[in-house]
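Peer 1:
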Ligand code: HSE
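Residue numbers (our numbering): 762 to 1198.
The following block contains the structure:
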């Protein structure tokens, strides 16, 4: 049967992996897709390397626009990344009637509405399995496998770099800076790791997951984002003493008055399976009404794991290529005219349990003052730990775990606790999720 022709934009790590896996598993993939899938054009700035990798089996160009304008190309794989050129290329590919497969979570989280609308109008597919959690087929699972369910919440370790750093901090008692340096030395973290460590990459991914889970537009500007740069080895150790691990989670929840959408370091019970996901691995828990909790685990990055997701999309697009666009799976799981305008809640309205760490003068009545303030805000204490001052010091460290409360209540309590003359410095506040399935 006539092959489907693919244009590959970017033959770096993931592009190279895509070429390799598609070539190695060509026979099996063809049996699944029903026709051969062949990369016939590759655009990359490094044309010599692209030539060497492809061995003359594809047309090589240094100009990606040349590929999106090529009338023989049916599907464009965008692996360039970023928001600017990638956006122009994707929009032009769509305008030229080509289907798009992309791993670009940043582009879709920020410009997804425009891109999906253009694709819908043109009757082409934009597939993005590789954009969230690399090789884990989480988009397919949420969009199709769980389609019977009303999804209640999703919580995921969706950034491998930060999970590696947190694992190293816990295992070896390293500081954040030392663990980051290790991650960079081993090639896990980029030279500029800002998007990873500040939680932005995870925020891009949870934005996409929230959209397909709840049938809402992609709204990256509404995500509350906190990274891991301020975490201390002490907090990781104290959490451990209380039976918790700290993970950078992307969380989205359905609430009565809106959706929660947030990324931040989170204490989770050490006994949960997801708490034991270590190193660069990713995992996502989805809690839904019919199926209950389901857990998806695997590699969130890397050449072949991400290629696995890219090629799954290529096969999907190949199968549905000739189908009436009305009969394809909608980009965001729900029909485009059925998206909900239920709002994303501001962080002040989010409900969570909390971990508080503070240093106080070690004298009578100090704890009573603190618990009074919490009681005034209707905040119930779940557990408490007091670390006596080291020899010769007068200040004790107190760690308090609260039951679930609203963020604005804890903010008000923290402001009053910090104003006490017995409190030294600021109160460290982390959110805690039990993740009961
Ligand atoms: N930088 C990401 C991570 C992988 O560390 O998980 C690509 O999204």
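Note that beta-carbon positions come from the ideal geometry of N, C-alpha and C, so glycine has one too.
What separation, rounded to the nearest whole angstrom, lies between the Cα atoms of residue 1084 and residue 878?
Peer 2: If you take the alpha carbons of residue 1084 and residue 878, they lie about 19 Å apart.
Peer 1: Between residue 806 and residue 817, which are expected to be in contact by the criterion C-beta below 8 Å, what is the C-beta distance as a whole number of angstroms?
Peer 2: Contact doesn't hold; Cβ gap of about 19 Å is too wide.
Peer 1: Taking contact to mean at least 3 C-beta pairs separated by less than 8 Å, is the region 1154 to 1172 in contact with the region 1129 to 1143?
Peer 2: Yes, they touch.
Peer 1: Nearest to residue 1119 by alpha carbon, out of 1069, 1105, 1178, 1028?
Peer 2: Measuring from the Cα of residue 1119, the nearest candidate turns out to be 1178.
Peer 1: Using 8 Å as the cut-off, classify the Cβ of residue 1132 as near or not near the heavy atoms of ligand 1, replying yes or no.
Peer 2: Residue 1132: no, Cβ never under 8 Å from ligand 1.
Peer 1: Under the three-state reduction of DSSP, which class applies to residue 925: helix, strand or coil?
Peer 2: Looking at residue 925 - three-state DSSP - the assignment turns out to be helix.
Peer 1: Taking contact to mean 3 or more Cβ pairs, one atom from each stretch, closer than 8 Å, check whether the region 1025 to 1044 and the region 1003 to 1014 are in contact.
Peer 2: A contact exists between the region 1025 to 1044 and the region 1003 to 1014.
Peer 1: Does DSSP put residue 777 in a helix, a strand or coil?
Peer 2: Reduced to three states, the DSSP call for residue 777 is helix.
Peer 1: Would a C-beta distance cut-off of 9 Å place residue 1047 and residue 1188 closer than the cut-off?
Peer 2: No.
Peer 1: Could you give the uninterrupted runs of the alpha helix (DSSP H) lying entirely in the region 833 to 874, keeping only those of 4 residues or more?
Peer 2: Counting whole runs of 4 or more residues, the region 833 to 874 contains the alpha helix (DSSP H) stretches 846 to 856.
Peer 1: Take residue 884 and list the residues in its own chain whose beta-carbon comes closer than 7 Å to its own, dropping the five residues that flank it on each side.
Peer 2: Contacts found: 1086.
Peer 1: How many angstroms separate the CA atom of residue 983 from the CA atom of residue 1022?
Peer 2: So the two alpha carbons sit approximately 7 Å from each other.
Peer 1: Could you tell me if the beta carbon of residue 962 falls within a distance shorter than 8 Å of some heavy atom in ligand 1?
Peer 2: Yes, since a heavy atom of ligand 1 falls inside the 8 Å radius drawn around the Cβ of residue 962.
Peer 1: At the level of alpha carbons, what is the spacing between residue 1176 and residue 1165?
Peer 2: One C-alpha to the other measures close to 18 Å.
Peer 1: Is residue 956 a contact residue of ligand 1, with contact defined as CB to any heavy atom under 8 Å?
Peer 2: Yes; taking the cut-off as 8 Å, the Cβ of residue 956 has a heavy atom of ligand 1 nearer than that.
Peer 1: Is residue 866 close to ligand 1? I mean its beta-carbon at under 8 Å from any heavy atom of the ligand.
Peer 2: Flag set: Cβ of residue 866 near ligand 1.
Peer 1: Would the C-beta of residue 966 count as close to ligand 1, meaning under 8 Å from any of its heavy atoms?
Peer 2: Correct: residue 966 has its Cβ closer than 8 Å to ligand 1.
Peer 1: In angstroms with no decimal places, state the Cα-to-Cα distance between residue 778 and residue 784.
Peer 2: Whole-angstrom Cα-Cα distance: 10 Å.
Peer 1: Does the Cβ-Cβ distance between residue 1033 and residue 1112 come in under 9 Å?
Peer 2: Not a contact, by the Cβ cut-off of 9 Å.
Peer 1: Could you tell me the distance, in whole angstroms, from the CA atom of residue 1121 to the CA atom of residue 1104?
Peer 2: Taking the straight line joining both Cα atoms gives about 40 Å.
Peer 1: Consult DSSP for residue 1137 and reduce its assignment to one of helix, strand or coil.
Peer 2: Reduced to three states, the DSSP call for residue 1137 is helix.
Peer 1: Between the Cα of residue 1102 and the Cα atoms of 972, 994, 1116, which residue gives the shortest distance?
Peer 2: It is 972.
Peer 1: Which whole-angstrom value describes the C-beta separation of residue 941 and residue 952, a residue pair presumed to lie in contact below a C-beta threshold of 8 Å?
Peer 2: In fact, because the Cβ distance is near 12 Å, the residues do not count as touching under 8 Å.
Peer 1: For ligand 1, I want to know if residue 821 counts as a neighbour, meaning its beta carbon is within less than 8 Å of at least one of the ligand's heavy atoms.
Peer 2: No, ligand 1 has no heavy atom inside 8 Å of this Cβ.
Peer 1: Would residue 1038 and residue 918 qualify as a contact pair, given that the criterion is a beta-carbon distance under 9 Å?
Peer 2: Yes, they are a contact pair.
Peer 1: I think residue 835 touches residue 1082, with their Cβ atoms under 8 Å apart; what is that distance to the nearest whole Å?
Peer 2: Contact holds; Cβ gap of about 7 Å.
Peer 1: Do you know offhand how far residue 898's Cα is from residue 1182's?
Peer 2: Cα-Cα distance, rounded: 53 Å.
Peer 1: Residue 784 bridges to which residues according to DSSP?
Peer 2: Paired residues: none, contrary to the question.
Peer 1: Check whether the region 928 to 943 touches the region 1052 to 1064, taking contact to mean three or more Cβ pairs, one atom from each stretch, closer than 8 Å.
Peer 2: These segments do not touch.
Peer 1: Please tell me whether, using a cut-off of 8 Å, the distance from the CB of residue 921 to the nearest non-hydrogen atom of ligand 1 is below it.
Peer 2: Yes.
Peer 1: One question on the structure: do residue 850 and residue 825 come within less than 9 Å of each other, judged by their Cβ atoms?
Peer 2: In this structure, residue 825 lies closer than 9 Å to residue 850 by Cβ.
Peer 1: Please go through the same chain and pick out, in chain order, the residues whose beta-carbon is closer than 6 Å to the beta-carbon of residue 1058, but skip the five residues on each side of it.
Peer 2: Excluding sequence neighbours, residue 1058 sits near 1044.
Peer 1: Sorted by chain position, which residues of the same chain lie with C-beta nearer than 6 Å to residue 841's C-beta, five sequence neighbours on each side aside?
Peer 2: Here the set comprises 770, 771, 847.
Peer 1: Please classify residue 812: does DSSP put it in a helix, a strand, or coil?
Peer 2: Helix at residue 812.
Peer 1: Exposed or buried, what is residue 993 when buried is set at 16 or more other beta-carbons lying within 10 Å of its beta-carbon?
Peer 2: Exposed, by the Cβ-count rule.
Peer 1: Would you call the CB atoms of residue 837 and residue 862 closer than 9 Å?
Peer 2: Their beta carbons are under 9 Å apart, which means residue 837 touches residue 862 by this criterion.
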